[in-house]
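Under this note's numbering, think of the first position of the sequence shown as 55, with each following residue one higher.
Ideal placement from N, C-alpha and C gives every residue a C-beta, glycine not left out.
Okay, so here's the structure we're looking at.
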Amino acid sequence: MKIYFGVCGIGFGHAGRCVPIANKLREKGAEILFSTYKDAVHYIKSEGYPVVEPPSMEAMVKPNGTIDFRQTVVKPGPFLAVFIFTRQVEAEIKFIRAFKPDVVVSDSRVSPLLAARMLNVPNVCIVNQFQIIIPRKKRLLRLAKLVDTGELAIIGKIWVSGTVPLLIPDFPPPYTISVGNLRMPIAYYRRVKFVGPVLPVHPNELPSKEELREKLGLDTDKPLIFAPISGPLKERAYIINVLKKIFMNFPKDYQIVMSTGNPSNPISIVKYRRHMTLYNWIPNRFEYLKASDLVVSRAGHGTLTQSIYYGKPMILIPTPSHTEQMNNAQRVEEMGIAKVIEQSDVNAKNLLEAVNMILSSDFYKRNIEQIREKIMKINGLETIVNTILNAAEGKYPL
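Below, the structure written as C-alpha cells:
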C-alpha cells in the first residue's frame, strides 16, 4: 500500500501530527511519501521519510513576529500567487503520478487535493482551521471582507468535497478548541467529522511525574515551567529572546525547561544559573510535559491539545495578528484552563504574576482535570489511521 501525504510546511504543527499518523501506517507495511516545504522538510526527513518539495508560499512577518497581512497580499501579489498555486498543483500531479499512491492525505493544503481529484485518487483531508481569518482592524477591514466571501466559498468547498468527510483533529463539542476557526455554512457540517487531536504519546504510556523528574535530573520539589516555543522561525525568534531574558532572572523557587523549536540541532543544551535549561529541540518532549506543572507557549493547536491531554494549565502568548492562535487562546481562557498575555504585555512582572496566580490557585487545575476526564478516551490518531486505510482499500466511493 502506498500513501502520499501533502502537508503544510509552515512551522511544525502540521508535520508534527502527520508524522505519528505516518508512523502507524508504516508499522502496518505502508510505503510513505511526503510532499511539503520550508520548516517541515528537515523535520520530516529526520524522521526517516522521503520528501518531495513543491513550490511554496508563506506569510510575511514583521521583526517582532507579527503576521503582516498587507505585505502577505502584496508579495507575491494576486497574479504571481495564482501562478505559484498553479505550479503547486502541476507539481503535485507529477509527484502523485510518479508515486502511484492508493490514497492522498492532505493536511491543510488544497493543491494535493485538487491533484488527487484530477487523477481520480482517493483523498483524505485533515484541517483544524476551515478558513483564513483576517483581523477586523480598520486598515484591514476591506481585505477581511474580500477573503471571507471569496476564500470561504472556494477553499471551503474543496475541504468538504473529499472521498471521506473532512477530518477535524479537535475535540468534539463542547470541548472544541478551534471553535473560532471553524466557521462554515451549516450545509457543510454533514461532511465534517470531529475525530480528536493526534496525540503521539499518551500520559499513561509514561512513568509517573515523580519518576520522570528523577530520570530527567529535575528537582522533585520545585514547580517546573515547561516552555516549548514552536512555529516558523521568524514568528518565534522575537518571543524566544524575550522569554529567555525573563526566565534567566526568574526566582530560584522555579525550574524552567525551554525549547526554541529548532530540530536541525537538537543536541545543543545551555544551562543558566542552575534553574533554567534551554534546548534547541526536545525529542522526548512528552516526558517534560508530564513532569511539568505549567506550560508557557504560543497558542498553536497542537501544543494546546497536548497540554489538555496531560492536564497542564497554560500561559499563552499568541503570535500577534495570527488569528488562529488568537482564537485558540481566547477559547481556552474562556474554558478556565489558561491565562493569555498579549506579546506587547510580556515582561518579567506580568509573567511572574501569571505563574504565581495559576500555581497558587486550584481553579485552573480543577477545570483542566474535569475536561481531561471527558476527553481522555478520544483517540484521533487511531480514527485517522483507520479512515486512511479504508479510503486506500476503496471502502468509500469516489
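So which of the options has the shortest CA-CA distance to residue i?
| i | options | result |
| --- | --- | --- |
| Pro-257 | Tyr-364, Pro-219, Leu-287 and Asn-338 | Tyr-364 |
| Phe-137 | Lys-148, Ser-165, Phe-149 and Cys-62 | Ser-165 |
| Asn-444 | Phe-153, Pro-176, Thr-90 and Ser-162 | Pro-176 |
| Met-380 | Leu-358, Asn-401 and Ser-415 | Leu-358 |
| Gly-60 | Thr-314, Ile-150, Leu-406 and Ser-313 | Ile-150 |
| Glu-101 | Pro-109, Phe-139, Asn-77 and Asp-93 | Asn-77 |
| Asn-382 | Ser-160, Ser-361 and Ala-402 | Ser-361 |
| Ser-160 | Leu-370, Ser-318, Tyr-229 and Val-73 | Val-73 |
| Glu-423 | Glu-85, Val-311 and Gly-390 | Gly-390 |
| Ser-378 | His-329, Phe-184 and Met-411 | Note on identity: in this sequence residue 378 is Glu, with Ser being the wrong assignment. Nearest C-alpha to Glu-378: Phe-184. |
| Lys-211 | Phe-301, Tyr-103 and Leu-168 | Leu-168 |
| Tyr-103 | Tyr-58, Ile-336 and Leu-287 | Tyr-58 |
| Ile-336 | Ala-281, Arg-328, Val-386 and Ile-371 | Ala-281 |
| Glu-289 | His-329, Arg-327 and Ala-353 | Ala-353 |
| Lys-154 | Arg-141, Val-143 and Leu-173 | Leu-173 |
| Asn-404 | Asp-416, Arg-327, His-329 and Val-296 | Val-296 |
Per DSSP, which residues does residue i bridge with? Please list them.
| i | result |
| --- | --- |
| Ile-147 | In the DSSP output, where bridge partners are listed per residue, Ile-147 has none listed. |
| Cys-179 | Ser-160 |
| Phe-248 | Ile-222 |
| Tyr-326 | Met-330 |
| Tyr-58 | Leu-87 and Val-158 |
| Phe-280 | Val-311 and Val-349 |
| Leu-370 | Ser-351 and Val-394 |
| Val-105 | Phe-88 |
Answer with buried or exposed for residue i, where buried requires no fewer than 16 other C-beta atoms within 10 angstroms of its C-beta.
| i | result |
| --- | --- |
| Lys-199 | Residue placement at Lys-199 is flagged as unreliable, the pLDDT there being 45, under the threshold of 50; a coordinate-derived value is accordingly withheld. |
| Ala-152 | exposed |
| Thr-90 | buried |
| Ser-375 | buried |
| Glu-81 | exposed |
| Val-128 | Interpretation of Val-128 is limited by its pLDDT of 42, a score under 50 that renders its predicted location unreliable; no figure is taken from the coordinates. |
| Ser-19 | Absent from the structure is residue 19, since the part of the chain shown begins at 55 and ends at 452. |
| Arg-163 | buried |
| Asp-317 | First, the residue type needs correcting, since residue 317 is Pro and not Asp in the sequence shown. Buried: at least 16 other Cβ atoms inside 10 Å. |
| Asp-224 | buried |
| Ala-446 | buried |
| Ile-240 | exposed |
| Tyr-97 | buried |
| Pro-227 | exposed |
| Thr-274 | exposed |
| Lys-366 | buried |
| Gly-70 | buried |
| Pro-251 | buried |
| Gly-448 | exposed |
| Lys-393 | buried |
| Val-108 | The question names Val, but residue 108 in the sequence shown is Pro. Buried, because 16 or more other Cβ atoms sit within 10 Å of the Cβ of Pro-108. |
| Glu-388 | exposed |
| Gly-356 | buried |
| Arg-420 | exposed |
| Glu-146 | buried |
| Arg-385 | buried |
Would you mind giving the Cβ-Cβ distance between residue i and residue j, rounded to the nearest angstrom? I have them listed as a contact below 8 Å.
| i | j | result |
| --- | --- | --- |
| Glu-341 | Leu-435 | Contact flag wrong, Cβ pair sits at about 19 Å. |
| Ser-351 | Met-368 | 7 Å |
| Asn-182 | Asn-235 | 7 Å |
| Asp-156 | Lys-56 | 5 Å |
| Ala-94 | Phe-66 | 6 Å |
| Leu-266 | Lys-344 | 6 Å |
| Asn-338 | Asn-319 | Not a contact, Cβ separation roughly 16 Å. |
| Arg-245 | Val-214 | 4 Å |
So, are the CB atoms of residue i and residue j less than 8 Å apart?
| i | j | result |
| --- | --- | --- |
| Tyr-308 | Pro-277 | yes |
| Tyr-450 | Val-105 | no |
| Ile-283 | Thr-331 | no |
| Lys-298 | Met-312 | yes |
| Val-249 | Gly-216 | no |
| Ile-279 | Ile-323 | no |
| Leu-348 | Leu-272 | no |
| Leu-87 | Ile-442 | no |
| Val-439 | Ile-180 | no |
| Tyr-292 | Lys-428 | no |
| Asn-402 | Ile-300 | Reading the sequence as shown, one finds Ala at residue 402 and not Asn. Cβ atoms of Ala-402 and Ile-300: closer than 8 Å. |
| Ile-371 | Gln-397 | yes |
| Ile-64 | Pro-261 | no |
| Ser-110 | Lys-92 | yes |
| Ala-408 | Ile-425 | no |
Return yes when at least one heavy atom of the ligand PLP lies under 7 Å from the C-beta of residue i, else no.
| i | result |
| --- | --- |
| Asp-161 | As far as ligands go, the structure on display features none, and thus does not contain the ligand PLP. |
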